[in-house]
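Protein chains: 2
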Amino acid sequence: MTRKGVTLKDVAAAANVSRATAARALNSYGYVGDQTALRVIEAADALGYRANRVAQALRSGQLPIVGYLPGDIQNPFFARIAHDLEVEFRKQGHNLLIASSEENVEQERELLESLRSLSVRGFILAPTSATDNQHILKLAREGAPIVLIDRVSENVRCDSVLVDNEGGAREAVDYLVANGHRRIALLRDESRIFTAQERLAGYRNSLQAHGIELDETLIGVSRSTVEHAIEATIRLFSRRDRPTALFTVDSLMTQGALLALRSMGLSIPQDVSLVGFDDFDLATFTDPQITVMAQPIAEIGPLAAQMLLDRLAGKKVAPRLTRFPTRLIVRGSVSHPKKR
Amino acid sequence: MTRKGVTLKDVAAAANVSRATAARALNSYGYVGDQTALRVIEAADALGYRANRVAQALRSGQLPIVGYLPGDIQNPFFARIAHDLEVEFRKQGHNLLIASSEENVEQERELLESLRSLSVRGFILAPTSATDNQHILKLAREGAPIVLIDRVSENVRCDSVLVDNEGGAREAVDYLVANGHRRIALLRDESRIFTAQERLAGYRNSLQAHGIELDETLIGVSRSTVEHAIEATIRLFSRRDRPTALFTVDSLMTQGALLALRSMGLSIPQDVSLVGFDDFDLATFTDPQITVMAQPIAEIGPLAAQMLLDRLAGKKVAPRLTRFPTRLIVRGSVSHPKKR
DNA sequence: TTGAAAGCGCTAACAG
DNA sequence: CTGTTAGCGCTTTCAA
């Protein structure tokens, strides 16, 4: 890529002023004569000048780029947030750099290091592990602006945007119990992941509140992809006394479960009732439609962006934590269990 | 963000050498004494040194970042490619900057300018318009490495990775015709978008080959979102002599069509047969499952990345164009039209 | 084999 | 109001 090479120097020369003056005119700061300013701006236009953001960054120590590290950009939840973040940051002249941790702590660590050395201005991060987080702590301690989304990381002092995972999961399971279920399976991701912990807690708390004993064999663990979820669901339901209901902790898993149950010839909700955490487009056109615990996804990205922007602008307040409520959307995937 | 501030200078000082030597040792080039090199590397480790990539970029004129400009990051097709690109580029020490054009030419132009001034090394681009592309032409002429994906842009000399849109669409419509359909509707996006043109051409060619006259009123235009597609589908099917079949040009539209048809009480395939371009996860668990023209999506990202990497490495060959074949996956959404 | 020095493009003290 | 100058952190001649 041949740098186009119209530099400030060229503009200054064309306008017959010094680089300093040209810079002042272009960035409108300090004193510049009206005439001069005009001349400079015209020269810049004529030459097609664009400031070299790398040079500016070297000087200021900051590249107008924000790093976004979701667990998986293919998950519609994170994709939606990516979109919203990009819109917000673009308004402020920042670009969004996306680097997926793929739920791998080591990769997250490296990515963070790499972005650090790039002098990106801040981070929007969905930490892969709630506890294995020395790297995040360090980053925060060094003063890097960080906003955590979807998940928290222990002891990190920074803003975060979450949803009420425990409450949402509890309510979902409550709903299954209210429909007469006692053998309720849970399909979740690894407990390293914060939301998995909270949603598991909600599941436990609901069962406990209803005096249902926890059966560990009813808990399936899977990666958050459709494929992995299919396998895990099959394992969960390939037993004699299979569960009458299933609660899945995210939309990819819900989709996997759907596929798996169908492949096993189990129909919803006659054979198995299903509730999923996180709504998804196609939930309404399966037959039956899927009952879900929806998250206010449209609010997460913009809020996180705003929080980070505040920090970038130097706002100094105690770390803020916003936890959005979730909302049960009752559709048709839950019914009373059949007597057997 | 307080720059951590371990610079090459610090390392050099700690190792008692000059910055030049330290740089040589760290980047292993030129002559450095074994002893010295070791000392430098140890010092760097001890201090936790990481090269400042911005400074390197200022010097080299290139930031190890690649820009990815899809039409919409929320479209699973582009999200999947984003993921694959990121993986490939990470292997080569490059980060991926994602900027969505939102199918807006003006925004695409600005984004490109902005990334240019950032000195990103190259671009993976799904151009919003096949013809309104002065900005892309200019970029290419200036020698910026560009790889076009999914769509081409007229007269731009650069590598591209496409699928056989015309052939795929034609085959899809052929299939509908073979099943006895004559009134086949098309739901597509704006003709500014390259794939829309090609898929429209395929639709036309198939009809023509079968001696079916083109009925413009059977062609619906919509933005590529589920919501817009719902509206457009309703318009298409709210007529007396409604079509017996529908061909949709991407997965988001297919989903919208599904939702719309159901809301109108039309069942698939009894009332309307449906074929969609681009496969999607849930196509197999609707009832009936949806017949689609699948694209080899797993191949697009890696190939595009490789092509760009070749260019970044200075490879000088004529622009390469790869056009992947598509594949009809017959499921259950097509049947013979009812007699009326 | 190593060091000194220049310079990438920009901004901001500081002087005038 | 404008110019001079230094320097951000790095790489790379060139000379020693």
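Order-wise, the sequence lines are chains A and B. The number in our numbering is simply the position in the first sequence, starting from 1, with 79 added. The number in our numbering is simply the position in the second sequence, starting from 1, with 79 added. Ideal Cβ positions, reconstructed from N, Cα and C, are used throughout, including at glycine.
Cβ distance (whole Å) where T327(B) is taken to contact A336(B) below 8 angstroms = 5 angstroms
Pull up the distance between the alpha-carbon of E185(B) and that of P224(B), whole angstroms please.
-> 21 angstroms
What separation, rounded to the nearest whole angstrom, lies between the Cα atoms of E310(A) and L325(A)?
-> 14 angstroms
With a cut-off of 8 angstroms, does the C-beta of E165(B) fall near any C-beta of chain A?
-> yes
Give a yes or no on whether the C-beta atoms belonging to L227(A) and S208(A) are separated by under 8 angstroms.
-> no
Chain B residues whose Cβ lies nearer than 9 angstroms to that of L338(A) | D360, L361, T363 and F364
Per-residue DSSP class, three states only, for N183(B) | coil
Among S180(A), T100(A) and A248(A), which residue has its Cα nearest to the Cα of G281(A)?
-> A248(A)
So, are the CB atoms of V293(A) and R278(A) less than 8 angstroms apart?
-> This sequence places Leu at residue 293(A); Val is not what is there. It is not a contact, given that the beta carbons lie outside the stated cut-off.
Do the region 107 to 121 of chain B and the region 87 to 96 of chain B meet, that is, are 3 or more Cβ pairs less than 8 angstroms apart?
-> yes
What three-state label does DSSP hand R82(B) in the structure shown?
-> Because R82(B) carries a pLDDT of 43, less than 50, the predicted location of this residue cannot be relied on, and the following value inherits that uncertainty. DSSP places R82(B) in coil when its eight states are reduced to three.
Beta-carbon of E192(A) versus every beta-carbon of chain B: anything under 8 angstroms?
-> yes
CB of I369(B) within 8 angstroms of CB of R410(B), strictly | yes
Kindly say whether S414(A), judged by its beta-carbon, lies nearer than 8 angstroms to any beta-carbon of chain B.
-> no
Does the Cβ of G84(B) have 16 or more other Cβ atoms within 10 Å, making it buried, or fewer, making it exposed?
-> exposed
Contact set between the region 150 to 163 of chain A and chain B, restricted to residues whose Cβ is under 8 angstroms from the partner = D151, I152, Q153, P155, A158, R159, A161 and H162
Start and end residues, alpha helix (DSSP H) containing N244(A) | N244 to A257
How close, in whole Å, do the beta carbons of S330(B) and G355(B) come, if the pair is a contact with beta carbons under 8 angstroms?
-> 6 angstroms
If the cut is a Cβ gap below 8 angstroms, which residues of chain A does N174(B) touch?
-> L176, A178, S193, L194 and L197
Does any CB atom of chain A fall closer than 8 angstroms to the CB of A55(B)?
-> This structure cannot speak to residue 55(B), because chain B is shown only from 80 to 419.
T296(A) burial status per 10 Å Cβ neighbour count (16 or more: buried) = exposed
Answer yes or no: do R159(A) and Q135(B) have a C-beta to C-beta separation smaller than 8 angstroms?
-> no
Residues in its own chain within less than 8 angstroms of D243(B) by CB, not counting five upstream and five downstream?
-> R402, F403, P404 and T405
Return the residues of the region 269 to 290 of chain B that lie within a Cβ-Cβ distance of less than 8 angstroms from chain A, sorted by chain order.
-> none
If we call anything under 8 angstroms between Cβ atoms a contact, is S352(B) one with T323(B)?
-> yes
Mind checking who D238(B) pairs with in its DSSP beta bridge?
-> V226(B)
Taking the Cβ atom as the reference point for each residue, do N183(A) and S198(B) lie within a distance shorter than 8 angstroms?
-> no
Expected contact under 8 angstroms - CB spacing of L176(A) and L194(A) to nearest Å | 7 angstroms
Quick one: what does DSSP say F157(A) is sitting in, helix, strand or coil?
-> helix
May I ask you to list the residues that DSSP assigns as paired with Y147(B)?
-> I177(B) and I203(B)
Determine, using beta carbons only, whether A102(B) and P149(B) come nearer to each other than 8 angstroms.
-> no
Under the assumption that H260(B) contacts P416(B) (Cβ atoms under 8 angstroms), give the Cβ distance between them as a whole number of angstroms.
-> 6 angstroms
Beta bridge counterpart(s) of I408(B) as assigned by DSSP = V371(B)
Extent of the continuous beta strand (DSSP E) run through A324(A) | A324 to T327
What does A130(B) reach in chain A if we use C-beta pairs closer than 9 angstroms?
-> S196
G201(B) classed as buried or exposed, judged by whether at least 16 other C-beta atoms fall within 10 angstroms = buried
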